Amino acid sequence: MNFDEIYEKYFGRVYKFIRVKTLNSEESEDIAVKVFENVYRNIDRFCEEKGSMDIWIFSIARNEINSYYRSKNIQAISMDSIGEISDNSNSPEDILNKKIENKRLQQALEILNENERFVISCKYAAGLKNKEIGKLMGISSSNVGVVLFRSMKKLKKQLACDFENKNEDWRDRYEQV
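Numbering follows UniProt numbering, with no gaps: position 15 of the sequence shown is 15.
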């Protein structure tokens, strides 16, 4: 596979993966560019016997994320920095409801630890399989499944708890959306 094909196939997934980790679109774009610069420079070193293209590229992405934050000496990532998910509807009510849902999900993600968010970003943003995530993390695929299951259970519980408190006026609660 040549670089153009790799770029076309992986850029969107890599960007989403980074976006979930950084929660910032500008930083995500910068890091994604560095990932693909690294892929371009090292494409001749890729060896399929050592692992799949997915694992190779997402390992590079993980390393670039870590390098980026080390160079910036950033300790914490703000959940408020995540951008909106685009909404193609024209209804202001639909747009407000989508913003409220996004805000609730952002707040729910705050309860997860770094490993849990990493597994979720690999699974749902990058579309990796448990076996591939396990190779990235150095754990078994069944352990990835356990972490994923527990993380999703935490998120569902948090969102359900939030839903039970629906008697509050959502517009006042999320006025900063």
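We put the beta carbon where it would ideally sit given N, CA and C, even for glycine. No experiment lies behind these values; they were computed from the predicted model shown.
- Ranked by Cα distance from residue 123, the first of 47, 100, 9, 54 is 54.
- Per the coordinates, the alpha-carbon of residue 5 lies some 19 angstroms from the alpha-carbon of residue 31.
- For residue 60, the CB contacts under 7 angstroms within the same chain, skipping 5 residues up- and downstream, are 35, 38, 39 in chain order.
- Restricting attention to 93, 110, 50, the CA atom closest to the CA of residue 21 is found in 110.
- Taking residue 154 as reference, the option from 10, 135, 113, 51 with the minimal CA-CA separation is 113.
- Every alpha helix (DSSP H) of 4 residues or more that sits fully in the region 3-29 is shown, in chain order, as 3-22.
- The C-beta distance from residue 104 to residue 159 rounds to 6 angstroms, short enough to meet the 8 angstroms contact threshold.
- Collapsing the DSSP output to three states places residue 63 in a helix.
- Going by DSSP, residue 120 is part of the alpha helix (DSSP H) stretching over 114-120.
- Distance from the CA of residue 148 to the CA of residue 93, rounded to the nearest whole angstrom, comes to 33 angstroms.
- Cβ contact annotation for residue 46 (same chain, cutoff 8 angstroms, sequence separation greater than five): 53, 56, in chain order.
- According to the DSSP assignment, residue 134 belongs to the alpha helix (DSSP H) that extends over 130-137.
- In this structure residue 58 is buried. Its beta-carbon is surrounded by 16 or more other beta-carbon atoms within 10 angstroms.
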